[in-house]
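Undergrad: Input: one structure, supplied below.
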Amino acid sequence: MPSVEDYAQALQRVHPRSAQVLIAATLEGRSEAETAALYGLAAEPFATLLGRATDELAHTLEQPTAGLLEALRAEATALRTRLEALERAELASPAHRRELWLRRLAILAILALTGYYWWRDGTPPLPGPTPPSRVRTAP
């Protein structure tokens, strides 16, 4: 049986949407009907979504799907604590800070280019649409 650390690492490796569905359905203490309502889905489509997310997590953990949701619910408190610690570590990491600064620089570059092209002088105005030509045919 996987440990809390294994579950936390696996939840970080699966697709974010799958992890979000699994966390909402197991760690937050909601019933499947409440979670389906949270996602705006009927019970059957949500069961399909939850099943696919469970299959993806089981594939990541290399273990059978049976009993996986119950195991996540049993470790909910410890797993939630571990996921929060991993998230705090990610937010404090130099890689995350570097990514934020690069995003800010990219936004500033886009704003600078937009301002340059908006206010530059000497560019002729764009031509308007040309009316269709009217060809007269002889009667």
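3 is the number of the first residue of the sequence shown in our numbering; add one for each residue after it.
Even for Gly, the Cβ is constructed at its ideal location relative to N, Cα and C.
What do you get for Tyr9, buried or exposed, if any count of 16 or more other CB atoms within 10 angstroms of its CB means buried?
TA: Your numbering for residue 9 matches position 7 in the sequence shown. Tyr9 should be labelled buried.
Undergrad: Where does Glu77 sit, in a helix, a strand or coil, going by DSSP?
TA: Your numbering for residue 77 matches position 75 in the sequence shown. Looking at Glu77 - three-state DSSP - the assignment turns out to be coil, as it is neither helix nor strand.
Undergrad: Please identify the residue among Ala114, Tyr41, Arg106 whose C-alpha is closest to the C-alpha of Arg19.
TA: As a first step, residue 19 must be located in the sequence shown, where it is residue number 17. Residue Tyr41 is the option with its Cα nearest to Arg19.
Undergrad: Suppose you measure from the CA of Leu51 to the CA of Asp57; what does that come to, to the nearest Å?
TA: Within the sequence shown, numbered from 1, the residue matching residue 51 stands at position 49. Within the sequence shown, numbered from 1, the residue matching residue 57 stands at position 55. Roughly 10 Å between the two C-alpha positions.
Undergrad: If you reduce the DSSP assignment to three classes, tell me which class Thr132 lands in.
TA: Position 130 of the sequence shown holds residue 132. Note: Thr132 maps to coil in three-state DSSP.
Undergrad: Quick one: using the 10 Å Cβ neighbour count with 16 as the cut-off for buried, is Thr37 buried or exposed?
TA: As a working note, residue 37 is residue 35 in the sequence shown. Counting Cβ neighbours within 10 Å, Thr37 comes out buried, since at least 16 surround it.
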